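In order, the protein sequences belong to chains Y and G. Residue numbering for the first sequence is 0 to 386, as defined by numbering that gives the first Met the number 0. Residue numbering for the second sequence is 0 to 534, as defined by numbering that gives the first Met the number 0. Just so you know, even glycine gets a beta-carbon here, dropped at the ideal spot from N, CA and C. Computed from a predicted model, the values in this text were never measured in an experiment. Worksheet for the structure shown next.
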Amino acid sequence: MRLARDAYRAVIIGGGVIGLHTAYHLARAGAGPILVLERGFLSSGSSGRNGGGVRQQWETRSTIRLARESVAAYRSFGREFGYNIWFRQGGYLFLASTRAELAQLRIVHELVSSEGLASRMVGPDDVGRWIDGIAPGATVGGSYLATDGTLYPFPVLWSLYEAGRSLGVEVALGTEALGTVVRDGKVAGLSTSAGPVATPCVVNAAGGWSAEVSRRAGLAMPNVASRHEILATEPMKRFLDPMVVRVRDGLYFSQSMRGELIGGIAVPHAPGTSRGVPSSPQFLTRMAGALVDLVPRLGALGVLRAWSGYYDDTPDGLPVIGEDPRLPGFVQANGFGGHGFMLAPAASRRVAAAVLGEPVDLPPEEFAPARFLARGRAGPVEGLQLG
Amino acid sequence: MDGETALDALARSGFPRVVRSLRYHRLRGPFCGTGDCTGCLVRVNGRPNVRACRHPVEEGDRIDAGNGWPSARYDLLGTFDLAFPRGVDLLHGFRRPWWAVPWYHRVIRALAGYSAAPDPAAAAALVAPPLTYEAEVTVVGAGPAGTAAAARLVAQGRRVVVMDRQREPTAIPGAEVIGGTNISFLPPPDPTAPRPFLLLGFREPGQGISIQSRSVIVATGAYDAPLLFGGNDRPGIVAAELALRWAARGRSPALGRAVIVGGGARADAVLERLGASVRAVVSLADIAPSVAARASDLGIPLYPRSLVLEARGGRRVRSLKLRTRGGGPHFSIRCDSVILAHAAVPNVQLFFQSGAAMGWRPDPGAYFPRTGPDGSTTVPGLFAAGAAAGLGRGEAVASGARVAESIAAGAPPANAVAETGSREPGPLEGYYRELLHEPRRGKWFACTCEDVLLEDVEAAHERGYRGIEVIKRYTNVGTGTCQGRYCLPSALLVLSLLEERPPSEVGYITQRPPVVPTPLAALAGLRSVVPEERT
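Pasting the structure below:
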């Protein structure tokens with residue numbers, strides 16, 4: 000593949016939801032020529048591999064605000080872009096198995112409600128009405144927010160890809176970023192598998208591969224890629240409205256518009272992206288066991304397919320958004336830890352602002368790359384990493 | 000021979016039509032004869048998505064057609080099909096007006112799925128302790144090749160486990176033959192383990208199976224390829240496999256007057272079994288002399304080098320519209336069924352899963368494992384035999400024996416692996432090149448499981464999406480219950496023509512586990528027997 004130009008206003012590494020959305024915002028702002036590099040095919044990374052959950056229940060105030068803004072954007076997404084993303088606000092139901100977990104959820108609930116969102120605590124009887132056939136005694140209750148929901152991720156990508164291209168964004172598929180060219184201590188260009196380009200700005204939106212992209216620019220980052228797996232069952236008639244997330248082990252599942260149950264559970268895998276995206280027998284059996292223990296009637300439902308993808312985890316569970324102070328012109332937009340899709344509309348606006356040199360209205364101790372450089376300083380932590 | 004299935008029972012009173020499709024609620028009938036298509040999904044004793052052809056009927060079974068209101072036979076939701084003769088665009092439609100969106104969600108969720116969630120009693124009936132095996136050699140598939148391999152290995156004193164989907168496969172003395180089983184997952188081997196392979200699957204209806212094995216022979220055979228034409232989903236259009244099975248059971252009257260599509264050995268086999276009830280033999284290419292001779296003995300007309308354009312009819316096929324290739328007038332043949340016997344494609348999902356190198360063969364138009372002369376693949380310890388390795392019926396037994404000899408001799412590392420990839424256009428590519436220029440009538444289904452139309456695939460292409468992986472995610476082709484068996488062969492060829500590059504460059508979708516939909520109960524039962532992952 001040949002690139003159309005030899006110089007760009009910004010080059011975005013990663014054609015996922017963060018990269019494409021940032022490119023769209025930049026093009027709308029008339030920033031100049033924008034190039035997006037996607038190493039694989041469109042939707043080959045985590046943006047094409049997630050479960051479609053969108054929630055606003057978090058342990059940190061700024062993430063709740065980003066999520067709330069993103070929900071509003073997804074509500075109007077179809078009108079703006081022409082694709083139906085089937086955003087269904089069926090709620091998110093967090094399940095506690097113990098009193099201690101319930102107390103933890105209550106703290107989240109109080110923070111979420113203080114932001115004006117109508118979350119509420121629910122008892123086992125409420126849960127039984129949502130999950131028909133839940134095993135008796137499986138939960139002591141949980142928290143629920145009706146305006147959380149699920150969407151169909153692919154049309155979001157098609158929308159951003161087509162809208163960006165119609166605004167002049169160049170998306171180079173099957174093209175890899177090889178290394179950043181630095182001149183006078185600043186970003187001056189990028190070498191790619193399709194040849195070198197000149198640019199004053201590189202955006203690292205490479206998801207699970209972001210630490211490697213930073214390393215190729217000479218920047219150490221603490222991001223770690225962890226592989227997570229999902230399965231989908233055979234379709235069935237309407238059975239479940241909310242996304243269900245169990246605090247104890249991270250089991251989550253929801254029912255898609257196609258009627259499939261889609262869900263996952265954390266299974267330990269070796270860190271890093273070297274093993275590709277296989278499915279494991281450990282996940283399939285553990286996930287099936289957890290689901291059947293919780294809702295025994297689902298045992299008679301078939302698993303249709305399973306797949307995996309990468310979370311881009313950070314030590315404090317918060318994303319990295321902003322220019323890297325060690326290398327002017329290098330903007331980090333990663334570390335979303337498996338929640339990039341749900342935060343993308345709001346987060347990518349801030350990434351675009353960082354590219355344009357505008358102020359980023361996010362607390363630096365929670366989001367700026369610099370927070371990892373100040374050793375020994377404990378900042379805020381986002382602990383609700385489930386679902 | 001297996002006992003009577005629910006589908007047999009339904010076929011006694013004519014061609015069974017018990018399924019309504021997911022998107023358009025079109026009436027569907029059984030197609031494949033192997034337990035992979037969605038043409039006979041029923042709800043049995045509160046368990047959804049049971050293939051009637053795989054369910055042995057018992058006294059007192061409650062069998063419901065799950066999809067359709069008030070019933071699958073007379074379904075008011077079928078008006079959806081009539082309301083959208085050119086198809087419905089779920090990617091762009093149903094966004095306006097904004098206040099109707101929740102209502103659209105309800106309607107779409109009502110259309111989705113074949114049946115309601117399982118009854119608790121149905122799940123309880125599936126709970127069973129898992130079956131676990133340790134084997135030197137595991138053979139998947141007890142057809143001629145697998146049986147020959149297993150028998151030869153037993154003679155060499157090897158401990159052999161054989162898995163087959165038939166409920167009562169033929170016994171192989173000295174080997175453990177487990178019928179009614181589906182191997183649905185063969186991950187890449189762990190070379191450091193004494194038994195590097197772990198196979199997961201289930202014994203029907205829902206008992207988990209795990210096998211740890213030193214070597215694996217995949218002899219999963221081939222199946223009849225799908226074909227694109229108008230109304231190619233109508234009840235009465237069946238694979239040769241189904242016709243042959245029904246003929247063996249005396250059920251062929253349900254097929255009525257049949258048209259056979261195909262001109263080779265497979266068509267000959269069907270013609271031999273069905274005889275005078277065949278109305279015509281239609282071939283996409285030439286017709287083999289043996290077929291021509293048999294047909295002329297029976298007085299059956301032959302239509303070589305034909306384009307199949309449209310299956311017409313209402314609740315089942317009533318006629319097949321054709322045109323001679325290279326130009327010529329349209330004509331129709333009256334019939335009650337259309338039997339597809341034009342090509343066979345291999346069951347290679349397990350090779351893909353295990354990481355074996357694959358190559359494209361233009362004839363028949365499918366991917367095959369790259370194999371050495373002894374059937375070894377690029378995965379050490381994994382072998383291919385019979386039709387799954389691309390060998391013909393006559394070579395199956397010999398190929399099984401060769402694999403067995405190689406394993407018994409202590410197989411050398413698989414380094415001499417033959418190149419099977421090719422960029423030459425195959426016979427079906429030329430056929431589709433001509434067919435796609437024809438004016439179309441009726442709905443052409445690229446994928447019947449998910450009701451994806453050929454037009455949907457073309458629309459994705461027109462918007463600039465390239466390669467089967469992206470087209471799959473854009474259109475849902477390959478994501479249905481048959482796991483892509485009955486859409487990918489045609490979809491790859493069509494995309495190859497649209498993208499003007501060989502099918503091998505259009506790519507292939509990752510063959511995700513499971514190969515066959517596997518009950519959660521079976522997988523849950525295996526959780527204690529699957530070893531921890533080494534990280």
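Please check the pair residue i and residue j, which I expect to be a contact at CB under 8 Å, by giving their CB distance rounded to whole angstroms.
| i | j | result |
| --- | --- | --- |
| Leu227/G | Leu452/G | Leu227/G to Leu452/G, Cβ: 10 Å. No contact. |
| Gly140/Y | Ile133/Y | Rounded, the Cβ-Cβ distance is 12 Å, inconsistent with contact. |
| Ser489/G | Pro195/G | Not a contact, Cβ separation roughly 36 Å. |
| Gly337/Y | His227/Y | 6 Å |
| Asp223/G | Ala340/G | 6 Å |
| Arg164/G | Asp7/G | The Cβ separation is near 16 Å, so there is no contact. |
| Leu283/G | Ser305/G | 7 Å |
| Ser45/Y | Gly288/Y | Actually they do not touch by this definition, with Cβ atoms about 25 Å apart. |
| Gly262/Y | Ser253/Y | 7 Å |
Relative to the ligand FMN, is the shortest distance from any of its heavy atoms to the C-beta of residue i smaller than 6 Å?
| i | result |
| --- | --- |
| Gly178/G | Judged by which ligands are present, the structure shown has none, so any question about the ligand FMN falls away. |
Are the beta-carbon atoms of residue i and residue j separated by less than 7 Å?
| i | j | result |
| --- | --- | --- |
| Ile538/G | Val258/G | Chain G is shown only over 0 to 534; residue 538/G falls outside these bounds and no answer can be derived. |
| Leu492/G | Leu427/G | yes |
| His24/Y | Arg348/Y | yes |
| Thr517/G | Phe83/G | no |
| Ser398/G | Gly409/G | no |
| Ala353/Y | Gly328/Y | no |
| Ala64/G | Ala221/G | no |
| Val10/Y | Val201/Y | yes |
| Ile62/G | Ser214/G | no |
| Ser192/Y | Phe80/Y | no |
For residue i, which three-state DSSP category applies?
| i | result |
| --- | --- |
| Trp68/G | coil |
| Met0/G | Unreliable placement is indicated for Met0/G, whose pLDDT of 46 sits below 50; the coordinate value is still reported in the next sentence. In the structure shown, Met0/G sits in coil (DSSP, three-state: anything other than H, G, I, E or B). |
| Pro101/G | helix |
| Pro123/Y | helix |
| Pro328/G | coil |
| Pro252/G | helix |
| Asp118/G | coil |
| Gly483/G | coil |
| Lys471/G | helix |
| Arg4/Y | coil |
| Tyr302/G | strand |
| Gly83/G | Going by the sequence as given, residue 83/G is Phe instead of Gly. Correct three-state label for Phe83/G: coil. |
| Phe371/Y | helix |
| Thr21/Y | helix |
| Leu453/G | helix |
| Phe238/Y | coil |
| Ala170/G | coil |
| His460/G | helix |
Thinking just about the alpha-carbon of each residue, which of the options is nearest to the one in residue i?
| i | options | result |
| --- | --- | --- |
| Ala123/G | Ala523/G, Glu532/G, Glu531/G | Ala523/G |
| Ala275/G | Ser289/G, Gly173/G, Gly261/G, Pro300/G | Pro300/G |
| Glu175/Y | Val359/Y, Gly339/Y, Ile12/Y | Ile12/Y |
| Ala216/Y | Pro280/Y, Leu110/Y, Arg182/Y, Glu37/Y | Arg182/Y |
| Arg432/G | His91/G, Ile62/G, Ser405/G, Arg324/G | Arg324/G |
| Pro277/G | Ala266/G, Asn48/G, Ala310/G, Tyr23/G | Checking the displayed sequence, the identity of residue 277/G turns out to be Val instead of Pro. Comparing Cα-Cα distances from Val277/G to each of Ala266/G, Asn48/G, Ala310/G, Tyr23/G, the minimum goes to Ala266/G. |
| Tyr113/G | Gly13/G, Cys31/G, Gly45/G, Pro303/G | Gly45/G |
| Ala587/G | Leu308/G, Val529/G, Phe79/G | The requested residue 587/G does not occur in the structure, where chain G is confined to residues 0 to 534. |
| Thr474/G | Pro47/G, Val87/G, Val49/G | Val87/G |
| Ala292/G | Gly262/G, Arg311/G, Lys320/G | Gly262/G |
| Gln352/G | Glu203/G, Gly142/G, Gly393/G, Leu199/G | Leu199/G |
| Ala445/G | Ile470/G, Glu461/G, Glu437/G, His436/G | Ile470/G |
| Leu92/Y | Val244/Y, Gly382/Y, Val294/Y | Val244/Y |
| Leu241/G | Val476/G, Leu197/G, His460/G, Gly38/G | Gly38/G |
| Glu423/G | Ala458/G, Leu75/G, Arg360/G | Arg360/G |
| Glu499/G | Arg465/G, Glu531/G, Pro512/G, Leu487/G | Arg465/G |
| task | Enumerate, from N- to C-terminal direction, the unbroken beta strand (DSSP E) stretches of 3 or more residues contained entirely within the stretch 154-215 of chain Y. | result | Complete beta strand (DSSP E) runs here, min 3: 169-172, 176-182, 185-191, 194-197, 201-203.
| message | Ignoring anything shorter than 4 residues, give me the alpha helix (DSSP H) runs that lie fully in the stretch 51-111 of chain Y, in order along the chain. | response | Runs found: 60-74, 76-80.
| Which ranges would you report for the beta strand (DSSP E) in the stretch 208-285 of chain G if only whole runs of at least 3 residues count? | Fully enclosed beta strand (DSSP E) runs of 3 or longer: 221-223, 236-238, 257-260, 277-281.
| Going along the chain, which unbroken runs of the beta strand (DSSP E) with 3 or more residues stay wholly within the stretch 351-412 of chain G? | Here the runs fully enclosed are 357-360, 365-368, 381-383.
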